[in-house]
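Protein chains in written order, with the working numbering: chain A, 1052 to 1235; chain B, 4 to 687.
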Amino acid sequence: MRQRTFWRYLVILSLLGSMPSLAAAAQERVAGEYQVKAAMLYNVAKFVDWPDEKAGSDQTPFKICIIGRNPFGTALDPLLGNSIRGRKLVISQISRPEEVGACQLLFVSYSERRNLAAILDTAGRRRVLTVSDIDRFAASGGMIGFVESEGRIRMEVNLEAVRNADLRISSQLLKLTRIVKGRE
Amino acid sequence: MNRFVPIDTRWQRRVLLAALVVLGIALQPVTAAAADGVTRTTDLTQVPLEELLEIKVENVYSASRFEQSVTEAPASVSIITADDIRKSGYRTLADILNSVRGFYVSNDRNYSYLGVRGFSRPGDYNTRVLLMIDGHRLNDNIYDQAQIGTEFPLDVDLIERVEIVRGPGSSLYGTSAFFAVINVVTRPGWHKPTGETAVAFGSDDAHQARLTLGGDLPAGATALVSGTFFDTRGERSIFFKEYDDPATNHGTAHNVDDDRSYSLYSRFSWRDFTLQALFAKREKTVPTGAYGTVFNDSGNRTYDERGYLDLKYQRKFDPTLEILGRLTYDSYNYDGRYVYDYSPGGPSRVVNKDKVSGRWWGGELQLTKTLLASHILTMGGEWRDNLRQDQRNFDEQPPATYLDDNRRSYALGLFLQDSWKILASLNLTLGVRYDYNQTAGSATSPRAALVYSPWEKTAFKLLFGAAFRAPNANELYYDDNGISTRANRDLKPEKIRTYEGVYEQYLGEQVRTSLTGFYYRTEDLISQVTDPGSGLATFQNIDKTEAYGGGAEIEGRWANELAGRLSYSYQVTRDLENSERLTNSPRQLLKGNLTLPLVSKYLFSTVEVLCTSGRRTLAQREAGGFVTTNLTLFSKNLLPGLEFSCSVYNLFDRSYGDPGGTEHLQDSINQEGRTFRAKLSYRF
């Protein structure tokens, strides 16, 4: 009887042990917070339409700007050399909101939370997509906020702010986000 | 005594064999990964957004008091997430911790006792483990007890994740952070007004109900409020052979195992402020005849009441500077009712009450600053004013008071830690904390950790730590005037030094493995002894012990929610006075947990197998090793917001016992057989 029980557990345990090979093709990963956020910035840019005057021509680069202290470290490096909609991607660091005009996408660093209103105001008028991981960014007038939930990065969207800047976010992207302001 | 040995050897052989089989098979992914080239792209820019959203950002706060990744943390860390809790059907924090490598939980049918790396001392109410909820210390100010069973004051549904940091944490957290630091992180609130309700039914007439409401309030505030009620009749009949006598109902405790609790939790956040309030009460009937009480009398009960208010201010001024401040007020009440038979010569039924009341407030300030891009400095201070540490013991009728002790004391601590990135691949953490405790004096706890990461997916850690635990008010002052216990006010803090090596390796992106080896040495451990002259029990700084051992773990998580963990730990503990193995200290622990998606995104099955090898009891006998298996079926998304789970615990109805403390006549306390639970939760 004891032996039989033992073999029963052995079978269960072996099953447990063989589990990784059951789904070798599966893909969940673990990565650094800003590595993920960097990749999300790049991905988000692919799902947004800018008004023509802002979109620029194929010859001008697509510019992702970071205002404030850069929290990404080397995490943005893999983005370099990629292109968005056939345009070369460049990343530039800016320190004053007035410099935002040349950017398509602006990432607002945590360090700028006290200047948020001024930054958002200028960026909105210049048709720049604003993204940040400042708490309640989207609810406070930003366009896309990165929030952490259950160990994963989620997105919150303020559609009102997006529309006020004449930008359009594809429904494909909206499906993956939580809308905190404005209606679809 | 000898006849118990073969059981253990046989069991050890079984576990060893099983471990070999399992490890053999578990190594498959290593070879498989090597075959299809581990150099799989780590360039996340090529990963579709849907998948990016599923990538786990693995951060841990408790190891250094700032957020860092698990591999960077200067400790061996495990994390159990909300997802694990739901899919594995964990009912209490004790269930959660029991699934963690190197941890084991024993139960005396009143409280749950956490064993860490072979240490679970008799009469130790988890005083050597620091337990926190969102960084708020939960150990009370009289027993220093960390409550983890049904007395844990938070519904596990409200947990976002549990961070388990092995090894001493006194260099950051002070007293109690002796063997491990456990931080329970509560789940985030909702912005949209949302409600969630859960109901559960189970064996022994158990039922549970929860209602949680949350959402944004005006002026940018967010609120979460939750209440839970739990009630069970407990096991209807429990047989204890030590009481097998006609005078004590032939050893059967009938209908005296009920357990009832409620808990209320709320959290309000506004800007950088978070206010948390928690209150919980549990009432448990004690079926074991503990402390020589009348067996099978439903008047033997304990009531535990725990509450706190916690106001936290946390602000990241920029990525290099973060400030955290905290003001807290805590309360703990314990009411133990014990029925005694004083005949002949006295009444045959007297209720003796053990009443304890603790109140304390405190403050904490912490600064985390990055300097020269390569140093992260964490410094801070903590202050605790124990407004009330009262213990009373008295008979109700006829009235008689044996103990009425009222205390007030304070404690403070100052800490500094530097995490220095010497090279891109090499990190040195040095920390020290000074603690002053009004009753037990001062203690200094240093720590040093070297983390070497030659490749992105590899980390070697060399860890040294020292910790202390100040004697608690119960050990210092409990004195019932010559009846059972004498106070010892000369107790000093007990101390531990630990050395540990850790090797962590990611295999591809889904699988994490770790290998650890450790050596612990404790001095002046506070233990209860009986004075041969007076026959009275008293606490003394006597025990010198050592422990060494190691463990291996393999953990995998995949995108279709397939996940598994498998861990093995081996630990040898020894009392240095007599070279004997410690009681309640299993040599080996083997744990496996596998979640299989049966219908992708909708239905999952989780099998958990927990093997514990034999443990020595206080009577120098052997509580045999055992294997328990739990099975949970979990479904979600069938309707929006609806989740359903069905669990069977101890599936094969294995009978086993946990070693009991000195208060029990039973050497080993029988545990419950197969039970089930069904649970439904709905979000609206």
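From the three backbone atoms N, C-alpha and C, an ideal C-beta is built for every residue, glycine too.
- Query: Hey, would you say B:Gln-369 sits closer than 8 Å to B:Leu-327, going by beta carbons?
  - Reply: Yes, the Cβ-Cβ distance between B:Gln-369 and B:Leu-327 is below 8 Å.
- Query: Helix, strand or coil: which one does DSSP assign to B:Val-132?
  - Reply: Shown here, B:Val-132 sits in a strand according to DSSP, grouped into three states.
- Going by the beta-carbon positions, is the gap between B:Thr-609 and B:Phe-655 smaller than 8 Å? No; because the gap between Cβ atoms is not below 8 Å, this pair is not in contact.
- Item | Cβ-based burial, B:Asn-581 [other Cβ within 10 Å; buried from 16] | By the neighbour-count rule (16 or more Cβ atoms within 10 Å), B:Asn-581 is not buried but exposed.
- Whole-number beta carbon distance between B:Val-342 and B:Arg-329, since they are thought to touch under 8 Å: B:Val-342 and B:Arg-329 do not touch by the CB rule: their CB atoms are close to 42 Å apart, not below 8 Å.
- Task: Determine the contact status of B:Ile-167 and B:Ile-185, defining contact as a CB-CB distance below 8 Å.
- Result: Yes, these two residues count as a Cβ contact at 8 Å.
- Query: With which residues is B:Leu-570 paired in a DSSP beta bridge?
  - Reply: Sequence check: residue 570 of chain B is Ser here, not Leu. Answer by DSSP bridge pairing, in chain order: B:Glu-556, B:Lys-594.
- Query: What residue range is occupied by the uninterrupted beta strand (DSSP E) comprising B:Ala-212?
  - Reply: First-last of the beta strand (DSSP E) with B:Ala-212: 209 to 219.
- Task: Establish whether the CB of B:Ser-676 and some CB of chain A are separated by less than 8 Å.
- Result: The amino acid occupying residue 676 of chain B in the given sequence is Gly; Ser does not appear at that position. Chain A contact via Cβ: absent.
- Does the separation of the CB atoms of B:Leu-278 and B:Gly-310 fall below 8 Å? Not closer than 8 Å, so no.
- Query: When you compare only the Cα positions, how much space is there between B:Asp-313 and B:His-139?
  - Reply: Distance between the alpha carbons of B:Asp-313 and B:His-139 is about 7 Å.
- Please report the Cβ distance between B:Leu-479 and B:Thr-442, rounded to the nearest whole angstrom; I am assuming they are in contact, meaning their Cβ atoms lie under 8 Å. Sure, about 6 Å apart at Cβ, within 8 Å.
- Taking only beta-carbon positions, decide if A:Val-1204 is within less than 8 Å of chain B. Here residue 1204 of chain A is Ile; the residue named in the question, Val, does not match the sequence. Yes, A:Ile-1204 lies at the interface with chain B (some Cβ there is under 8 Å from its Cβ).
- Query: In the DSSP assignment, what residue or residues form a beta bridge with B:Thr-84?
  - Reply: Partner(s): B:Arg-164.
- Query: alpha helix (DSSP H) containing A:Arg-1214: first to last residue?
  - Reply: Run containing A:Arg-1214: 1210 to 1215, per the alpha helix (DSSP H) assignment.
- Item | Counterpart residues of A:Val-1141 in DSSP-defined beta bridges | Per DSSP, A:Lys-1114.
- Checking contacts by CB at 8 Å: is B:Glu-625 closer than that to chain A? Taking CB atoms only, B:Glu-625 has no neighbour in chain A less than 8 Å away.
- Message: Against A:Met-1091, what residues of chain B qualify as contacts under a CB-to-CB distance less than 9 Å, listed in chain order?
- Response: Residues of chain B passing the Cβ test: Leu-47, Leu-52, Leu-55, Leu-56.
- Message: Please tell me whether B:Phe-121 has its Cβ less than 8 Å away from any Cβ of chain A.
- Response: At residue 121 of chain B the sequence reads Gly, which differs from the Phe that was named. When Cβ-Cβ separations below 8 Å define contact, B:Gly-121 makes no contact with chain A.
- Item | Under 8 Å from the C-beta of A:Leu-1086: neighbouring residues of chain B | The question names Leu, but residue 1086 of chain A is Gln in the sequence shown. Residues of chain B passing the Cβ test: Leu-47.
- Please name the residue in B:Gly-664, B:Gly-121, B:Leu-569 whose C-alpha comes closest to that of B:Gly-595. When only C-alpha atoms are compared, the closest one is B:Leu-569.
- Query: Applying a beta-carbon distance threshold of less than 8 Å, which residues of chain A neighbour B:Gly-217?
  - Reply: At a beta-carbon threshold of 8 Å, none of the residues of chain A lie near B:Gly-217; the nearest stands roughly 13 Å away.
- Under a Cβ-count criterion, where at least 16 other Cβ atoms within 10 Å of its own Cβ denotes burial, should A:Ile-1195 be classed as buried or exposed? If you draw a 10 Å sphere on the C-beta of A:Ile-1195, you find 16 or more other C-beta atoms in it, and that means buried.
- For A:Ser-1200, the first and last residue of its enclosing beta strand (DSSP E): Start and end: 1195 to 1200.
- Message: Is the separation between the beta-carbon of B:Gly-121 and that of B:Arg-169 shorter than 8 Å?
- Response: Contact: no.
- Task: Report yes if the CB atom of B:Ile-241 is closer than 8 Å to the CB atom of B:Asp-260, and no otherwise.
- Result: Result yes, Cβ atoms of B:Ile-241 and B:Asp-260 sit closer than 8 Å.
- Counting Cβ pairs, one atom from each stretch, are 3 or more of them under 8 Å apart for the segment 1173 to 1185 of chain A and the segment 1214 to 1234 of chain A? Three or more beta-carbon pairs separated by less than 8 Å link the segment 1173 to 1185 of chain A to the segment 1214 to 1234 of chain A, which places the two stretches in contact.
- Query: Could you give the C-beta distance for B:Pro-402 and B:Ala-446, rounded to a whole number, given that I count them as a contact under 8 Å?
  - Reply: So it is not a contact: roughly 41 Å between Cβ atoms.
- Query: Does DSSP put B:Arg-239 in a helix, in a strand, or in coil?
  - Reply: If DSSP states are grouped into helix, strand and coil, B:Arg-239 belongs with coil.
- Query: Going along the chain, which residues of the segment 184 to 195 of chain B sit with their C-beta nearer than 9 Å to a C-beta in chain E?
  - Reply: Of the protein chains in the structure, A and B, none is chain E.
- Cβ atoms of A:Ala-1174 and A:Val-1151: under 8 Å apart, would you say? Yes. Within cutoff.
- Item | Check whether B:Tyr-268 and B:Phe-232 have beta carbons under 8 Å apart | Taking the C-beta atoms as reference points, B:Phe-232 is found no nearer than 8 Å to B:Tyr-268.
- Using a Cβ-Cβ cut-off of 8 Å, state whether A:Asn-1094 counts as contacting chain B. Interface flag for A:Asn-1094 against chain B is set, since a Cβ pair is found closer than 8 Å.
- Evaluate the contact criterion for the segment 82 to 98 of chain B versus the segment 597 to 611 of chain B: three or more CB pairs, one atom per stretch, below 8 Å. Yes, they touch.
- Task: Determine which residues of the segment 221 to 248 of chain B have a Cβ less than 8 Å from any Cβ of chain A, and write them out in chain order.
- Result: Closer than 8 Å at the C-beta level to chain A, one finds these residues of the segment 221 to 248 of chain B: Gly-223.
- chain A contact for B:Lys-424 (CB, 8 Å cutoff): Under the Cβ distance rule, B:Lys-424 does not count among the residues neighbouring chain A, no pair being separated by less than 8 Å.
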